[in-house]
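Below: the structure, in structure tokens.
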Amino acid sequence: MTKNGNKSITWTSFNKPKQFTKGTDSTTFTYGPDRSRYQKVQTRSSDNTTITTQYFGKVYEQIKQNTNTEHKHFIYLDKQLIAIHIKTDTTSTAGTSDTTNTPTTPIPDKTRYLHYDNLGSIEPSPMDKATSLRE
């Protein structure tokens, strides 16, 4: 364990971070038998939020926060990441006595394309530039 004031880091036996803590907020990692990360749980006490991220290799992530579940699909070509497709499912039980989740207004899917320069560095997508100019 490493500690500095109200911040601390706990390590696994195989020298990977297990938990970061700052005050009452924490981030905890869980690893599989091959020592690859498969889950991250972030807890913020200030707004009582828990965000759970599950990792499935390099191709998929599932992020759950409150009533949203975000699915990130990482698309590769010749072992190089070329796009990230993001789909968000939203359910809500607000204002109902029913404990089953009901769908709400869908959030549109997003696809982010990655562009690389001659040295292999990622450059901003022209669509990202256009989006930021419109905002």
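Here this note's numbering = 1-based position in the sequence shown + 330.
The C-beta atom is built at its ideal place from N, Cα and C for all residues, glycine as well.
The structure displayed is predicted, hence computed values, not measured ones.
Quiz item: Between residue 374 and the rest of its own chain, which residues show a CB-CB distance below 7 Å, the 5 nearest in sequence each way excluded?
Solution: 355
Exercise. Put residue 409 into one of helix, strand or coil per three-state DSSP.
Key: coil
Quiz item: In the DSSP assignment, what residue or residues form a beta bridge with residue 365?
Solution: According to DSSP, residue 365 bridges with nothing at all.
Quiz item: Hey, how far is the Cα of residue 462 from the Cα of residue 343?
Solution: For residue 462, the pLDDT reaches just 44, beneath the cut-off of 50, and the residue's location in the model is therefore unreliable, leaving the point undetermined.
Quiz item: In three-state terms, what does DSSP make of residue 421?
Solution: strand
Exercise. May I ask you to report which of helix, strand or coil DSSP gives residue 388?
Key: coil
Quiz item: Span of the beta strand (DSSP E) holding residue 337?
Solution: 337–341
Quiz item: Quick one: what does DSSP say residue 344 is sitting in, helix, strand or coil?
Solution: coil
Quiz item: Does DSSP classify residue 383 as helix, strand or coil?
Solution: strand
Exercise. Would you mind reading off the limits of the beta strand (DSSP E) that contains residue 293?
Key: Here the chain comprises residues numbered 331 to 465, so residue 293 is not present and cannot be evaluated.
Quiz item: How long is the line joining the alpha carbons of residue 398 and residue 420, rounded to whole angstroms?
Solution: 5 Å
Self-check item: Sheet register partners of residue 358 (DSSP bridge)
Solution: 349 and 371
Quiz item: Where does the unbroken beta strand (DSSP E) through residue 448 begin, and where does it stop?
Solution: Per DSSP, residue 448 belongs to no beta strand (DSSP E) and is neither H nor E.
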